[in-house]
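Participant: Numbering-wise (my numbering), the sequence shown opens with residue 36 and increments by one.
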Amino acid sequence: MHKKCPVMSVFWLLSKRWMLLILRSLNEWKETFGDIKRSLIWISSKILSERLSELQMEWYVDRMIIQEKPIKIRYSVTEKWKSLWDCIWEIDNWARLNTN
C-alpha cells in the first residue's frame, strides 16, 4: 500500500475490482452477504468475502453478528465511508463537467 501518500492509499484500495460496487450496494441497504452477492451476480463468493474483509480492516464497513436462529451477519457502511462517499460524489460531479 502507499503509506507515504494517504490519497494514493485510498485510491489504491478503492480501485481494486468490485470495491466501489460493493460499497454502492451497501449504500443501497444491501445488508447480508447474500444480498450483496445477488446484486453483484458476476462476483465470486471468494472475492466478495476477501473484499468485505479488506473494507472492514480499513474501517469502511462494519460486520455485525445478529444472534437469531439462524445466526445472521449484517454489513453496513461506517461514518468514515459516508464522509468519503461525499467526496466521491464531488469528484463525479467534476468529472461530468470536465470530461467528454
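Glycine is no exception: its CB is placed at the ideal position from the N, C-alpha and C atoms.
#1: Can you check DSSP and say which residues form a bridge with Ser111?
#2: Helix, strand or coil: which one does DSSP assign to Arg52?
#3: In whole angstroms, give me the CA-to-CA distance for Glu63 and Met43.
#4: On a CA-only basis, which of Leu49, Lys39 and Tyr110 is nearest Gly69? Give me that one, please.
#5: Does DSSP put Leu83 in a helix, a strand or coil?
#6: Do the CB positions of Ile57 and Arg86 come within less than 8 Å of each other?
#7: Using 8 Å as the threshold, is the C-beta distance between Leu136 and Val96 below it?
#8: Quick check on the burial criterion: 16 or more other C-beta atoms within 10 angstroms. Buried or exposed for Lys39?
Facilitator: Looking at the atomic coordinates:
#1: For the purposes of this step, residue 111 is identified with residue 76 of the sequence shown, where counting begins at 1. In the DSSP output, where bridge partners are listed per residue, Ser111 has Asp97.
#2: Mapped onto the sequence shown, residue 52 falls at position 17. Three-state result, Arg52: coil.
#3: Here residue 63 refers to the residue found at position 28 when the sequence shown is read from its first residue. Here residue 43 refers to the residue found at position 8 when the sequence shown is read from its first residue. Distance between the alpha carbons of Glu63 and Met43 is about 26 Å.
#4: One-based indexing of the sequence shown puts residue 69 at position 34. Minimum Cα distance to Gly69 is reached at Tyr110.
#5: The residue labelled residue 83 in the question sits at position 48 within the sequence shown. In the structure shown, Leu83 sits in a helix (DSSP, three-state: H, G or I).
#6: One-based indexing of the sequence shown puts residue 57 at position 22. One-based indexing of the sequence shown puts residue 86 at position 51. Contact: yes.
#7: The requested residue 136 does not occur in the structure, where the chain is confined to residues 36 to 135.
#8: Residue 39 sits at position 4 when you count from the first residue of the sequence shown. Flag for Lys39 reads exposed.
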